[in-house]
Structures are given as C-alpha cells and as structure tokens.
Amino acid sequence: MAAVEKEPINEPLITGEHTYADFDEQIGRLVLHQSAHGRPWQAMLAIGILGAHLLLLAIGVLLWQGIGVWGNNQPVAWGFDIINFVWWIGIGHAGTLISAVLLLVRQQWRNSINRFAEAMTIFAVMCAGLYPLLHTGRPWVAYWLFPYPNVLAMWPNFRSPLVWDVFAVSTYATISILFWFFGLIPDFATLRDKATTPLVKKIYGLLAMGWRGSAQHWSRYESAYLILAGLSTPLVLSVHSIVSLDFAVSIVPGWNVTLFPPYFVAGAVFAGFAMVLTFAIPLRKIYKLDHLITDLHLDWMAKIMLTTGLIVFYGYLMEVYYSFLGNEYEMFMTSNRFSGPYATLFWLLWFFNGLLPLILFIPKNRRNTKILLLVSTGVSIGMWLERFVIIPMSLHRDYLPSSWQMYYPTVWDIMMFAGTIFFFITLMFLFVRFLPFINIFEVKDLKYRMEKQRDGGGH
Amino acid sequence: MGHGHEPKDLLYGISAEFDHADDLMRAANRAREAGYKVMDAYTPFPIHGLDEAIGFRDSKVAYSIFFAGLAGFLGGLALTYYTSVIDYPLNIGGRPKFSWPSFFPIMYECTILLAGITAVFGCLAFNGLPRPNHPVFNANNFERASQDRFFLCIERKDEAFDKVETKKFMDSLGAIKVDFVYADEEGW
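Taken in sequence, the protein lines are chains A and B. If you read the first sequence in this note's numbering, its first letter stands for residue 1, the second for the next number, and so on. If you read the second sequence in this note's numbering, its first letter stands for residue 460, the second for the next number, and so on.
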C-alpha cells in the first residue's frame with residue numbers, strides 16, 4: 001500500500017499535543033483499569049443489565065405461549081417484530097458506513113469513531129436478528145431457513161426476498177464481526193504489552209494471536225483491510241436494499257414502491273449516525289476525550305445526518321407524489337396516512353425526520369452537543385415511526401374493507417422492544433470497559449500523518 | 460536444544476530501536492542499500508512505504524480474496540441452479556425455472572461472504588498467525604514496538620549477515636539501542 005496519498009488535513013482531527021504513548025495511556029487505561037470508570041459507567045451497566053431482564057421475560061413468555069401474545073393480527077401480520085427488526089438493522093448501518101465507506105474514500109476523521117461505531121453495528125444486528133428469529137414462532141427450527149439437504153427433500157425458495165434477507169443479514173453479521181475483530185488485533189497487541197497483571201496479559205495476548213507489528217504483516221494487513229472495506233461497502237447497501245425488497249416486491253399499497261431500496265439505505269445511515277451521536281457525545285464527555293472526538297467530528301457527523309435526512313424526506317414527498325399518480329388504492333393509502341386513525345404518528349414522523357434535522361443547517365447548531373443530542377434522539381424516534389408508518393399503516397386498511405383491523409402492540413411487544421434497548425446498552429458499556437473503544441493504532445497513524453504534513457514533507 | 464547435538468548458537472538477528480518512524484525508514488533504506496535482504500521492521504502502526512524499504516512485496520492476499528469471491532459467486536449460482544431448477548423446481552407466478560435475476564442476491568451475498576472470510580483468515584494465515592512465540596519478542600524493550608518505538612531487525616539468515624560487521628553497521632544508524640536478539644529454541 002505504498003502510493004496511498006491521503007487528502008490534506010485542513011483542520012486538526014486531534015487537538016492538543018500528545019505523544020504516541022499518551023494515546024496508549026488514555027485509551028488503554030479505560031480497558032486496563034476499572035478505576036477509570038466511575039459512577040456513570042456503573043449506573044449505565046446496572047440499568048442495562050436490569051432492563052435486559054425484560055427481554056428475557058418477554059422471550060420466555062413468547063416461547064411458552066406462542067406469538068399470539070403479540071398484537072399481530074390479520075391483516076397486520078407484521079407488527080412490532082418487523083418494525084423493530086428494520087429499525088435495529090438500520091441503526092447498525094452507520095458503523096459499517098463509517099468503517100468501510102469513509103476508509104475507502106480516505107476520510108481520516110473516521111479514525112476516532114470507527115471502533116465503537118462498528119461495535120454498535122454488531123450489537124444492533126444482534127438485537128435485529130432476534131425479531132425475525134422469534135417471529136418464526138419456533139426459533140429452534142430457524143435453521144430450516146438455510147439451504148441444507150434434508151429428509152423432506154425441500155429447499156428454500158430462492159425467489160423470495162425473505163430468503164434473500166436470511167442470506168443478507170447473516171452475511172452482514174459475519175462480515176461485521178470479522179471486520180471489527182480484524183481491526184482490533186493490533187490494539188490487542190498494545191494492550192497485551194501494556195497490561196500489568198498476568199491474567200489480563202494472557203487474555204489480550206491470546207486475542208492478539210502473536211501480533212508483532214512486523215512491516216510484512218502490516219503490508220498484508222492493510223491490503224486485506226482495504227479490500228474488506230471495499231467488500232463491506234456494497235454489502236451495507238445491499239442489506240438494507242434487500243430488507244426494503246421484503247416490502248417493495250409485494251403488491252400492498254404503500255409497499256410496492258421502487259423508491260424503497262435507495263430510500264431505505266439513506267434512512268439507515270440517517271438512523272445510524274443519530275445513534276452514533278447519541279453514544280459519542282456522552283462518552284466523550286464522561287471519558288474526557290474531546291481531543292480525539294473533536295467538535296469537527298460532531299460537525300461532520302451532523303452534516304451526514306442532515307444530508308441523509310434530506311434524502312429521506314425527499315423519499316416521503318415522492319411517496320405522496322407517486323400515490324396521486326397511481327391508482328385509487330394508493331391514493332386511499334396516502335389519505336389514510338394523512339388523516340386516518342394513525343395520522344398523529346405520521347405527522348410526528350414528518351416533524352422528527354423532516355423538519356427537526358433542518359436546524360442543522362445552522363453551523364453553530366452542528367457543534368452544540370445539546371442540540372445534536374436533541375436532534376439525534378428525535379431522528380431515532382422518527383426512524384422508528386417511519387417503520388410504523390410503512391408496516392401497520394399500510395397493512396391495517398388494505399384492499400378489502402371487510403378485513404380492516406387496527407393494530408395495537410401488547411405489553412409483551414413493548415417489553416421486548418424495551419428489552420432490546422437495554423440489552424444494547426449493556427453490550428455497549430461492557431464493550432467500553434473491556435475493549436479499546438477508540439482505535440489506538442489508527443489514531444497514532446493519524447498523528448504521524450498530521451506531523452508529516454505540518455513539517456511540510458510528504459514522502 | 461538437546462537431541463544430543465552441540466548446543467547451537469541461538470542468535471536470531473540484531474535489532475535496532477528508534478524513537479521516530481522517519482529514522483526507522485531511513486535505517487531500513489540504508490540497510491537495503493548496504494545489501495541486506497532478510498530483515499523486518501516492527502512498528503506500532505502501519506507506515507506506508509516501509510514494506511518497500513525492507514524489500515517486501517506480496518499480493519497473495521489480494522489474489523486469494525479475488526478467487527474466493529469468484530468461488531462464492533459460482534457456488535451461489537450452483538446452489539440456486541441446482542435447488543431451483545434441477546432438484547426442486549417450483550412454478551412461481553409462471554416464471555422461468557432459471558429466473559436468475561432473483562437468484563442474484565444469493566450469489567452476491569455468497570461472493571461477499573467467502574471473500575470477506577478469506578480476507579481475514581487469509582491475511583492471518585499468510586502472516587503465520589496465530590504464533591504467540593517469536594524470537595523477536597526477546598529483543599530488548601520490544602514491548603514498546605506496539606506502543607511508541609520502531610524496530611529494525613536484520614536476521615542471521617541473511618547471507619550478508621556477520622555478527623561483527625552487521626553490529627557495526629547497525630550502530631552507525633543512529634538508533635537508541637542496538638542489541639543481539641536470541642531465540643528461545645533451535646530452528647532459527
């Protein structure tokens with residue numbers, strides 16, 4: 001990877017003066033010493049673990065009673081399960097985007113945020129995967145979804161978007177985990193060498209697999225990492241496109257829209273960046289890392305959120321426009337969204353995803369952590385509402401008025417949703433404790449480049 | 460050791476420790492110009508051009524990823540073709556048995572999956588990892604190679620290696636410290 005010249009860095013991505021060892025100290029300390037984590041960490045982990053029991057309970061009841069405990073009915077066969085599946089998987093996408101796409105287009109500001117964005121991806125995909133798995137009602141035979149020679153002499157129907165989904169999501173989960181672990185190897189070596197207790201040294205030593213930072217190893221590592229990023233980029237686009245085809249391939253009014261794949265992908269990035277900001281802002285404050293996750297990072301993340309938000313809002317406008325060009329069913333679906341029984345949720349969606357992000361046009365707001373937190377929380381809610389608008393609102397009044405029915409989530413639906421959020425929080429805070437949540441070696445690399453540039457030399 | 464042989468000299472190479480990446484780069488270039496071929500540099504982060512400076516060039520990783528991706532693509536094609544056309548044909552909406560556009564997502568995901576797995580495990584395998592023990596770990600102060608120091612090690616396997624001359628040459632590179640590196644056991 002010799003002739004890789006990077007974009008000039010105009011604004012410092014790391015502020016203040018640091019030596020390489022300072023980074024090891026600042027980031028490694030969080031992993032190697034419990035004392036680096038104060039009350040906020042303890043409180044969040046406790047809340048997470050306690051709350052995650054809701055998930056256990058909800059799953060337990062579901063397995064005992066069957067999916068009748070959920071609010072799904074006919075015609076609304078897809079309710080909270082698919083809403084939350086799509087919501088979670090969308091959240092995951094910013095991680096891959098930051099890691100892969102920004103690496104590919106040589107955006108160095110990804111270095112401080114990619115690691116925990118990737119972790120977020122994996123945890124979000126874990127939460128997402130629970131839903132379709134449990135929606136089958138008999139998760140212990142979920143392997144029937146995979147093609148394997150069986151005594152029934154049957155194969156999955158490869159023309160079905162639902163089977164594409166199985167392939168896309170499982171590939172996505174596998175590649176995300178590999179990408180994440182691969183990026184961690186050199187940092188495991190740093191932790192191995194910094195650890196003071198034999199047990200910790202052994203654990204990180206095992207994980208580092210004997211990494212010794214050899215130039216030959218780095219050379220292969222960098223080419224593999226770059227190719228992996230190149231593979232993940234179309235993968236992340238394909239996953240959400242395929243998820244959107246679950247809807248778009250059908251003939252349900254409100255679903256049968258060719259706009260879905262790109263607009264779902266934009267929505268996923270939108271939701272993902274909102275979640276990255278929701279975590280990055282408190283973390284950098286608690287652990288005093290504003291010199292690594294600078295205002296510039298926040299500003300750029302906000303810009304991406306604004307851009308994808310505009311794409312999503314354009315999608316909403318197009319859906320309305322299409323439907324009035326379409327047939328009476330499409331027109332009815334749209335007017336049902338405007339003024340039907342769930343109209344409040346629809347207008348809230350337009351507020352959270354369409355109007356609220358517009359305040360990010362003002363540069364000052366993009367660097368104000370309070371406003372960013374407000375907007376990103378709003379976007380998370382908005383993206384959830386988007387899936388609600390698409391799924392139950394399209395299904396509950398379909399072609400046959402005689403089959404119309406309202407959809408209401410039950411307490412088990414809500415408990416399971418809340419449970420996954422707590423589960424996610426638990427995993428995130430365990431991650432912050434046991435793994436370096438900022439990429440140590442890439443930050444060093446960035447410092448080296450910034451120095452080179454300051455000294456006016458290339459190479 | 461042992462096996463009834465004379466105890467061998469366990470010298471693995473000579474290492475030099477630098478505190479700046481640019482010094483290492485200069486040293487590596489000079490070593491290559493001085494005719495050394497078997498050497499390696501150890502750094503806490505990737506330094507572009509260092510692989511060329513130590514005379515290393517290898518694209519096995521890229522090739523193996525390409526072929527794995529190709530195998531994934533063809534494997535996906537074979538899977539969908541065999542199952543949907545030969546073994547268990549289904550008539551869905553009167554579509555042709557081999558309605559390949561709807562099989563494409565499967566072929567695509569198989570491509571990425573195989574290529575991605577190969578990227579990670581191929582890179583590790585070609586690098587000879589996992590390998591928790593390596594003579595270079597015995598180099599003085601080597602735990603800082605993953606933190607903030609930069610090492611160059613000329614190995615004894617090099618034809619131009621000479622215990623005295625090479626040491627002299629390494630001393631002239633302006634390193635913080637130059638040291639002999641010994642292996643723990645035979646075979647180096």
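No residue lacks a Cβ here, since even glycine has one placed at the ideal position from N, Cα and C.
Query: Close Cβ partners of residue 8 of chain A (< 7 Å) along its chain, the five nearest in sequence each way excluded; Result: Confidence at residue 8 of chain A is low in this model, with a pLDDT of 47, below 50, so its placement is unreliable and the value that follows should be read with caution. Within the same chain, residue 8 of chain A has close Cβ partners 453.
Query: Segments of 4+ residues assigned as alpha helix (DSSP H) that fall wholly inside the segment 35-80 of chain A; Result: 39-65
Query: With 16 other Cβ atoms within 10 Å as the buried cut-off, status of residue 2 of chain A; Result: Bear in mind that the predicted position of residue 2 of chain A carries a pLDDT of just 38, short of 50, making it too unreliable to give a figure here.
Query: Partner residues on chain A for residue 617 of chain B, Cβ-Cβ distance less than 9 Å; Result: Correct list: empty, because the minimum Cβ distance to chain A is about 15 Å.
Query: Same chain, Cβ closer than 6 Å to residue 380 of chain A, neighbours up to 5 away in sequence not counted; Result: 274
Query: Rounded straight-line distance, which links the Cα of residue 184 of chain A to that of residue 218 of chain A; Result: 13 Å
Query: Interface positions of the segment 207-222 of chain A facing chain B (Cβ-Cβ less than 9 Å), listed along the chain; Result: 208, 209, 210, 211, 212, 213, 214, 215, 216, 217, 218, 219, 220, 221 and 222
Query: Beta carbon proximity, residue 613 of chain B to chain A, threshold 9 Å; Result: no
Query: From A/103, A/411 and A/418, residue whose alpha carbon lies closest to that of residue 67 of chain A; Result: A/411
Query: Proximal chain A residues relative to residue 561 of chain B, where beta-carbon distance stays under 8 Å; Result: 158 and 159
Query: 8 Å Cβ shell around residue 397 of chain A - same chain, five flanking residues per side excluded; Result: 332, 333, 336, 340 and 404
Query: 8 Å Cβ cut-off: residues of chain A touching residue 520 of chain B; Result: 220, 223, 224 and 227
Query: Delimiting residues of the beta strand (DSSP E) encompassing residue 475 of chain B; Result: 470-477
Query: 4-residue-minimum alpha helix (DSSP H) runs that sit fully inside the segment 383-415 of chain A, ordered along the chain; Result: 392-395
Query: Closest residue to residue 409 of chain A among A/394, A/69 and A/124 (Cα-Cα distance); Result: A/69
Query: Cβ-based burial, residue 74 of chain A [other Cβ within 10 Å; buried from 16]; Result: exposed
Query: Classification of residue 199 of chain A by the beta-carbon crowding that lies within 10 angstroms, buried from 16 upward; Result: exposed
Query: Contact residues within the segment 482-493 of chain B, judged by C-beta distance below 7 Å to chain A; Result: none
Query: Sheet register partners of residue 214 of chain A (DSSP bridge); Result: B/501
Query: Inter-residue Cα distance where the pair is residue 297 of chain A and residue 109 of chain A; Result: 7 Å
Query: C-beta contact flag for residue 469 of chain B and residue 610 of chain B at 9 Å; Result: no
Query: Residue 635 of chain B: contacting residues in chain A (beta-carbon distance under 9 Å); Result: Here the premise fails: no neighbours, minimum Cβ distance about 14 Å.
Query: Proximal residues to residue 149 of chain A (C-beta, below 8 Å), its chain only, five neighbours per side dropped; Result: none
Query: Contacts of residue 515 of chain B in chain A (Cβ-Cβ under 7 Å); Result: 215, 216 and 219
Query: Contact with chain A by residue 549 of chain B, beta-carbon distance below 9 Å; Result: yes
Query: Short CB-CB distance (under 9 Å) between residue 154 of chain A and chain B; Result: yes
Query: Touching by the beta-carbon criterion (3+ pairs, under 8 Å), the segment 110-119 of chain A and the segment 503-513 of chain B; Result: no
Query: Neighbourhood of residue 548 of chain B by C-beta, 6 Å cutoff - its chain only, sequence neighbours within 5 removed; Result: 556
Query: Contacts around residue 406 of chain A, its chain only, beta-carbon distance under 7 Å, and the 5 residues preceding and following it disregarded; Result: 341 and 396
Query: Meets three-Cβ-pair contact criterion under 8 Å: the segment 238-247 of chain A and the segment 560-578 of chain B; Result: yes
Query: Within-9 Å CB hit, residue 599 of chain B to chain A; Result: no
Query: Pair within 9 Å by beta-carbon distance, residue 238 of chain A and residue 262 of chain A; Result: no
Query: Cross-chain neighbours of residue 193 of chain A in chain B, by beta carbon under 9 Å; Result: 601, 602, 603, 604, 605 and 606
Query: One or two residues paired with residue 638 of chain B in a DSSP bridge; Result: B/474
Query: Every unbroken alpha helix (DSSP H) within the segment 319-391 of chain A, with a cutoff of 4 residues, ordered by chain; Result: 328-339, 343-349, 363-366 and 369-390
Query: Sheet register partners of residue 614 of chain B (DSSP bridge); Result: B/472
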